[in-house]
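Reviewing the structure listed below.
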Amino acid sequence: MTKTFQLLLNLLLLVPLSVSAPVGICYGRVANNLPPPSDVVNIVKFNNISSLRLFNTEPTTLRSFSGTGIDLLVGVPNEVLPLLDSPSASLDWLQSNIFVHVPADQVRSQPPPGSAKPRLLHSIKLSSPQASSVLSNSYPPSSASFDPRLRSFMIPYLQFLRETRSPFMVNVYPYLSYISNMQDISLDYALFGGADDHYSLTYSNLFDASLDSFVYAMEKEGFDGIPVVVTETGWPTSGGEAASSANALVYNGNVVRRAVRDVGTPLRQGVGVEVYLFDLFDENEKVGEEYERHFGIFGLDGVKAYDLNLN
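Take the sequence shown: its letters are residues -20 to -1, 1 to 291, numbered as in mature numbering (1 follows the signal peptide of the UniProt record, and there is no 0).
In structure tokens:
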């Protein structure tokens, strides 16, 4: 869950007029037992998943998804970032590491006048997923603000997002908040079943409260209207307190329903939020707590670990 810039690549491919679906899935690969990428493509297509987040530019994986009509959110490794110090350098890197596997003419754009290079750069959105650690306070949401120690980074970053019309990307894990503060956060509240109406807006769940904390923090710095994309959220099925398939189904099911219905949040009612559920499979080589290895929505055979409706 390190900070990495993201390239939002909306691939036309088989459905040239498509738009990104409100719900995608993260395809983590920190495991030694995963099915080959070609099989993963079949699993993704069979389940009508039209958006996928990849954490790197591994060539075999990119080639497997080329031409499938699946939108890709592609992670750029931290060590590459110093090489992307100009539009020209960025384009060269993209062509060498992504478009050699996913042809550039398959990238959706709304072409401005000019050559192919500015058209291509215009179609790519750069952003960097943030966690609640960038906030000095997150509760109640209306009191949220960015950590003063990070403000010199956050302000130019938000200016960049506004100028490029890119989204503010966040990783939201109510599960982690719950297990670290069970004395103050109820399981119902983490699973969309509680309520907190002690403040100006009523929050029925921790997910909404977390998102609005970021929105309030942006607005306090004068950055209204920047869209929010949830690049990771999920609930483990094993390995920790309240980690179970039943709770994962309740949590992820509620996330999906709210996303597809454009429910929004109390602060941004009716404004849809694009989300990426974590994770496609369990990742048996992830380090850290045991639950980190058990976020998979699908088994290795492609069968759902629990009956989650993704549409």
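The beta carbon of each residue, even a glycine, is placed where N, CA and C say it ideally should be.
DSSP, read as helix, strand or coil, puts S31 in strand.
Annotation for A69: L63 place their beta carbon closer than 8 Å to its own, counting only its chain and skipping 5 residues before and after. Here the alpha carbons of T41 and L191 stand approximately 31 Å from one another. When only Cα atoms are considered, R142 and Y256 end up about 22 Å apart. Here the region 238 to 255 does not lie against the region 132 to 141, with fewer than 3 beta-carbon pairs under 8 Å apart. For F35, the CB contacts under 8 Å within the same chain, skipping 5 residues up- and downstream, are T(-17), C6, Y7, G8, R9 and G55 in chain order. C-alpha of F203 to C-alpha of N185: approximately 25 Å in a straight line. Secondary structure note for I165: it is in no beta strand (DSSP E), with a DSSP letter that is neither H nor E. Beta-carbon to beta-carbon, T211 and P109 are separated by about 4 Å, close enough to satisfy the 8 Å threshold. Per DSSP, reduced to three states, the secondary structure at L42 is helical. Under the DSSP assignment, V3 falls in the beta strand (DSSP E) whose first and last residues are V3 to Y7.
Excluding its 5 nearest sequence neighbours in each direction, M134 has C-beta neighbours in its own chain below 6 Å: F126, listed in chain order.
Classified as buried, A228 has 16 or more neighbouring CB atoms from the shown chains inside 10 Å of its CB. By a beta-carbon distance limit of 8 Å, I50 contacts V24. Their separation comes to about 6 Å. The bridge partners DSSP lists for Q110 are V150. Within the same chain, Cβ atoms closer than 6 Å to the Cβ of Y196 are found at P121, S122 and A124, the five residues on either side in sequence being excluded. Inside the region 179 to 265, DSSP marks whole alpha helix (DSSP H) runs of 4 or more residues at positions 186 to 200 and 225 to 240, from first to last along the chain. Around A239, the same chain offers P2, V3, G252, V253, E254 and V255 as residues with beta carbons nearer than 8 Å, after the five sequence neighbours per side are excluded. The alpha-carbon separation between K266 and R273 amounts to approximately 6 Å. Between the C-alpha atoms of R131 and S118 there is a straight-line separation of about 15 Å. If you draw a straight line from the Cα of M149 to the Cα of F172, it comes to about 21 Å. For V54, the enclosing beta strand (DSSP E) begins and ends at D51 to G55. If you check the CB distance, G279 and F261 come in under 9 Å. A Cβ-Cβ separation of about 12 Å leaves P216 out of contact with Y286 under the 8 Å criterion.
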